[in-house]
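Number of protein chains: 2
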Amino acid sequence: MNCAARLVEIFGSQAEVARAFRLDRAVVNNWVKSGYVPARWATEVERVTNGGIHAVEVLNEASAKKPVKVKSRPEGHLFGSPLSGKEAMNDFAPAKRISSFHPPQRTLMGPGPTEIHPRVLTTMSQPAIGYLDPVFVEMMEELKGLLRYVYQTKNPLTFPLSGPGSVGMEYCFVNLVRPGDEVIVCKNGVFGARMIENVERTGGKAIVVEDEWGSPVDPDKLEDALKKNRDARVIAFIHGETSTGVQSDAKTLVKIAHKYDALAIVDAVTTLGGSPVLVDEWEIDAIYSASQKCLSCTPGLSPVSFSERVVDYVKSRKDKIHSWFMDMNLLLGYWGATTRTYHHTAPTNSLFGLHEALLLIREEGLENAWARHQRHHNALKAGLEAMGLKFLVKEQHQLPQMNAVRCPEGPNEAEVRKTLLNEFSLEMGAGLGPLAGKIWRIGIMGYSCRPDNVMLCLSALGSVLSDMGLAIHVGDAEAAAHEAYASMQ
Amino acid sequence: MNCAARLVEIFGSQAEVARAFRLDRAVVNNWVKSGYVPARWATEVERVTNGGIHAVEVLNEASAKKPVKVKSRPEGHLFGSPLSGKEAMNDFAPAKRISSFHPPQRTLMGPGPTEIHPRVLTTMSQPAIGYLDPVFVEMMEELKGLLRYVYQTKNPLTFPLSGPGSVGMEYCFVNLVRPGDEVIVCKNGVFGARMIENVERTGGKAIVVEDEWGSPVDPDKLEDALKKNRDARVIAFIHGETSTGVQSDAKTLVKIAHKYDALAIVDAVTTLGGSPVLVDEWEIDAIYSASQKCLSCTPGLSPVSFSERVVDYVKSRKDKIHSWFMDMNLLLGYWGATTRTYHHTAPTNSLFGLHEALLLIREEGLENAWARHQRHHNALKAGLEAMGLKFLVKEQHQLPQMNAVRCPEGPNEAEVRKTLLNEFSLEMGAGLGPLAGKIWRIGIMGYSCRPDNVMLCLSALGSVLSDMGLAIHVGDAEAAAHEAYASMQ
């Protein structure tokens, strides 16, 4: 009989042995099952049994079962030695020696990304956790709540997609447009054109309502198109065109769409968090944005929100959606449900960042964030106009957060931007498409929307333009901006 | 005549005026154009002209042109007052008060994400810069070079996609498969099944070569399928199945594909950086991976590499690719070219992180990283087997970085994982699909592949299983692991 069995005999039961040794019963059960008592209990066994079982008996038995290791560390390198041919795989190594990357400190006043608040940067450097970790799941719920706040909606399906704004756009079209569907796209800049591409690639037929670059979408043209194309089920437009700085009247456009029983897809990439976007009040059906504009988070996330009507529609689709990654039905199991099902590995650190970025807006108050953008826009505009620069967009349609001004005659515009970047570490945006070389796009979005940035921009731009021979009195723009600030209520 | 014109008359030319005042000629030109000299130059003008023009004349003229501002700051709040109705938008605010998110410190030994090296975390918290900034563009080139090293390839088109690994997968299929194309997919786990979904959603016809979950892809079955389906242009398989921990023989499978003139798409999500992936030597046509496995970066990026043959094929496609975001032809202009064209806003901070994560592998030496994974796998395996746990996969096909063991009879497996998470802050992965509830997936990938993690895992798992009544001697697993380490060369 082995020592474990003898202990049970002596004490009457495993439970009594456990009590005598002040151990969990499972441990004693393990001794019995494996047929010996581990060596470290030897003296304790002798003591508890008052010598009924000698320590040496326990030791001998345990040693026979489990020889004592005499060596548990290697002779040479611990955990194995490095390979001798350390450079074995170097045929494919980069030619030059690469060091850690340290970006310069830029003032970002282009079309995005914007500067990121230090609190957001710090948050992103926290360790990753699993995407099904209960703590992470709770954070996701908070994220959804905060996004509903900035979108001003109660839509349950409001969450960030794991991709840039263009994924948000494609997500809307892929889920809402079936092959053969007619879609009316309002085009007044780069991103309207991209919407047309999306419609065509999903197999839909795009009916284009065109307005000039720099003009808002004309509601009458949309209504005409809806009248002429009674089968159109979906319309789409850009709320704030990043390529021109123009704002369209989202509320009116959505209302017209609904009058003809069409769903409205709205691009709020540049507007969300910078100027009013009222999803529920305006009855927007599907909307997407991006993390790196007025939310001032790291680029790579696209917050979206869908009405229940849209979700029901997508659920009822009989055909298979063109994209696995973008199929709303599949993603519902991860972001939509209370029990999470694996879909893809969520971008943890970026999501930490978005949580903090949204929290900053919540703390400021959404309406204060909107007012801040308007205020600094007024000052920036006063300054730019004092320099003689002209806005591309008519005053009543100007986006506060994205200011497109015509490049003045004379200086090479690319040279101006290059000088600003090299000498002032200030980034301004260039024009795109037909406006390339003709406008500058000056963004004051999110955390970049601050008085110091407005002043640096006016001062640096004034000085560079003056140096390049333009009739500008350095200092006038700043004075005009201060005057604008002074006249604010 | 105004003071500016008088100065030119006195000195003979604008150039001479500039010289006298030690100013750039453009500044003097501005004076002349705008018809006055700014007030701040008044005394200097009197001095330089030896009283020819009096300071007071300059002052009067400048004041007339440009009245002196008497107020440049507002009465109340600077930069405008906060809105009175600070809570105006609160109808849509989250119900509970939300604070900054601070994740717990986890030991991540699941199927990914893995732990992230502190150097990578720090890098990600650096400020964003523009995606067309010359400094950023240079960093992108380094990234491509480092990725070519870990992929062991000279493919020019080697870069990270802005999305998780599932975007990498979809990217390959969307670009390589036209509607109607036959594609042979080898399926031996979750991700092979996902490949089939991808083929079907791009309009292709999937021919499935099936092997059991936990078995590698059988090369003979692939060859049979290629013989029977001579039109198949593409084959696809998973190099290391994350759902089972099995490794297939990529080199042989690709060779068979090429024998029948088919292109091979290879999933290296779990293998890249953890075990040999030799893109050029094995002549892989299209390959994708993910940032959060053996590269130990933040999740959300998918490094890909394509042979020139694939790039030429995609360029020559006459039909429009189903997805705008994933159209390789469009993305070539941003990642492929030397002059960058805007495609989408790159996820700056995540890319900073990937740069650093790849640099860590470069510093360690790729072959040493592979050896490290093998070494800790051997120790972990010795420990798990000493506990009586059985591997799902036969020894010769086991992935070192992803260890799938069968859950022992008795304890509730979900309870075991929950206890490990709550008491040891240790995450292990559960089984997926038909293996749900039947296996645990223990990852030692990238920065998570360390002796302390191996030891914590064995110690925590042994203790929890013993507590739950399994016949395990706590400590035996650790001893076995140490023995394994000791016997390594």
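Those protein sequence lines, which keep their order, are chains A and B. Going letter by letter, the first sequence gives residues 1 to 489 in my numbering. Going letter by letter, the second sequence gives residues 1001 to 1489 in my numbering. C-beta: ideal position from N, C-alpha, C; glycine also. What you are looking at is a predicted structure, and each value in this text was computed from that prediction instead of being measured.
Rounded C-alpha distance that separates residue i from residue j
{"i": "G1204 of chain B", "j": "L1272 of chain B", "result": "27 Å"}
{"i": "R406 of chain A", "j": "A1064 of chain B", "result": "29 Å"}
{"i": "A1018 of chain B", "j": "L354 of chain A", "result": "53 Å"}
{"i": "G35 of chain A", "j": "E1413 of chain B", "result": "26 Å"}
{"i": "V70 of chain A", "j": "K1438 of chain B", "result": "With a pLDDT of 48 at V70 of chain A, under the threshold of 50, the modelled position of this residue cannot be trusted; read the value that follows with caution. Their Cα atoms are separated by approximately 37 Å."}
{"i": "D1476 of chain B", "j": "M1428 of chain B", "result": "20 Å"}
{"i": "I10 of chain A", "j": "C3 of chain A", "result": "10 Å"}
{"i": "L1176 of chain B", "j": "V279 of chain A", "result": "39 Å"}
{"i": "I265 of chain A", "j": "F306 of chain A", "result": "9 Å"}
{"i": "E363 of chain A", "j": "E141 of chain A", "result": "18 Å"}
{"i": "A346 of chain A", "j": "K96 of chain A", "result": "34 Å"}
{"i": "S1291 of chain B", "j": "Y1151 of chain B", "result": "13 Å"}
{"i": "H1373 of chain B", "j": "G1274 of chain B", "result": "6 Å"}
{"i": "H54 of chain A", "j": "E1483 of chain B", "result": "30 Å"}
{"i": "V137 of chain A", "j": "N1188 of chain B", "result": "30 Å"}
Residue i and residue j closer than 7 Å at C-beta
{"i": "S1459 of chain B", "j": "E1115 of chain B", "result": "no"}
{"i": "G1165 of chain B", "j": "C1294 of chain B", "result": "no"}
{"i": "I1196 of chain B", "j": "A1225 of chain B", "result": "no"}
{"i": "V277 of chain A", "j": "A268 of chain A", "result": "yes"}
{"i": "E182 of chain A", "j": "A257 of chain A", "result": "no"}
{"i": "S1125 of chain B", "j": "T348 of chain A", "result": "no"}
{"i": "N1296 of chain B", "j": "A1357 of chain B", "result": "Looking at the sequence shown, residue 1296 of chain B is not Asn but Ser. Yes. Within cutoff."}
{"i": "V135 of chain A", "j": "P1104 of chain B", "result": "yes"}
{"i": "I321 of chain A", "j": "V174 of chain A", "result": "yes"}
{"i": "L1360 of chain B", "j": "H1117 of chain B", "result": "yes"}
{"i": "T990 of chain B", "j": "L1456 of chain B", "result": "Nothing can be reported for residue 990 of chain B: it is not among the residues displayed for chain B, which extend from 1001 to 1489."}
{"i": "G1433 of chain B", "j": "V1190 of chain B", "result": "yes"}
{"i": "V474 of chain A", "j": "S466 of chain A", "result": "yes"}
Own chain partners of residue i with C-beta closer than 7 Å, once the 5 adjacent residues on each side are dropped
{"i": "F144 of chain A", "result": "The amino acid at residue 144 of chain A is misidentified as Phe; the sequence shows Lys. For K144 of chain A, where only same-chain residues beyond five positions count, the Cβ hits under 7 Å are T158 and F159."}
{"i": "E1395 of chain B", "result": "none"}
{"i": "T341 of chain A", "result": "G333 and Y334"}
{"i": "C172 of chain A", "result": "I265, A286 and Y288"}
Minimum Cβ-Cβ distance from residue i to chain B less than 7 Å
{"i": "Q396 of chain A", "result": "no"}
{"i": "V277 of chain A", "result": "no"}
{"i": "H373 of chain A", "result": "no"}
{"i": "P38 of chain A", "result": "yes"}
{"i": "Y149 of chain A", "result": "yes"}
{"i": "K33 of chain A", "result": "yes"}
{"i": "R106 of chain A", "result": "yes"}
{"i": "Q14 of chain A", "result": "no"}
{"i": "D181 of chain A", "result": "no"}
{"i": "L366 of chain A", "result": "yes"}
{"i": "N453 of chain A", "result": "no"}
{"i": "Q401 of chain A", "result": "no"}
Own chain partners of residue i with C-beta closer than 8 Å, once the 5 adjacent residues on each side are dropped
{"i": "N403 of chain A", "result": "G245, H377, L380, K381, L384, F391, R441, I442, G443 and I444"}
{"i": "L1263 of chain B", "result": "L1176, R1233, V1234, I1235, A1257, D1285, A1286, R1309, V1310 and Y1313"}
Chain A contact for residue i (CB, 7 Å cutoff)
{"i": "E1478 of chain B", "result": "no"}
{"i": "Q1152 of chain B", "result": "yes"}
{"i": "Q1292 of chain B", "result": "yes"}
{"i": "L1121 of chain B", "result": "yes"}
{"i": "W1335 of chain B", "result": "no"}
{"i": "F1325 of chain B", "result": "yes"}
{"i": "F1101 of chain B", "result": "yes"}
{"i": "A1193 of chain B", "result": "no"}
Cβ shell of residue i (< 6 Å), same chain only, five flanking positions each side left out
{"i": "L1007 of chain B", "result": "V1017"}
{"i": "W1335 of chain B", "result": "F1159"}
{"i": "A1386 of chain B", "result": "D1476, A1477 and A1480"}
{"i": "P1303 of chain B", "result": "L1147, P1160 and S1289"}
{"i": "F424 of chain A", "result": "A460"}
Distance cut-off 6 Å: residue i Cβ against heavy atoms of the ligand NAP
{"i": "I1053 of chain B", "result": "As far as ligands go, the structure on display features none, and thus does not contain the ligand NAP."}
Query raised in the report: Going along the chain, which residues of the segment 295-319 of chain A sit with their C-beta nearer than 8 Å to a C-beta in chain D?
Result: Of the chains in the structure shown, none is chain D; the protein chains are A and B.
Requested in this report: Could you name each continuous alpha helix (DSSP H) segment of 4 residues or more that falls completely within the segment 205-286 of chain A, going from the start of the chain to the end?
Outcome: 219-228 and 250-259
Query - Every unbroken alpha helix (DSSP H) within the segment 1158-1187 of chain B, with a cutoff of 4 residues, ordered by chain - result: 1165-1176
Report task. Please specify which runs of the alpha helix (DSSP H), each continuous and at least 4 residues long, are wholly inside the segment 1116-1149 of chain B, giving them in chain order. Result -> 1118-1124
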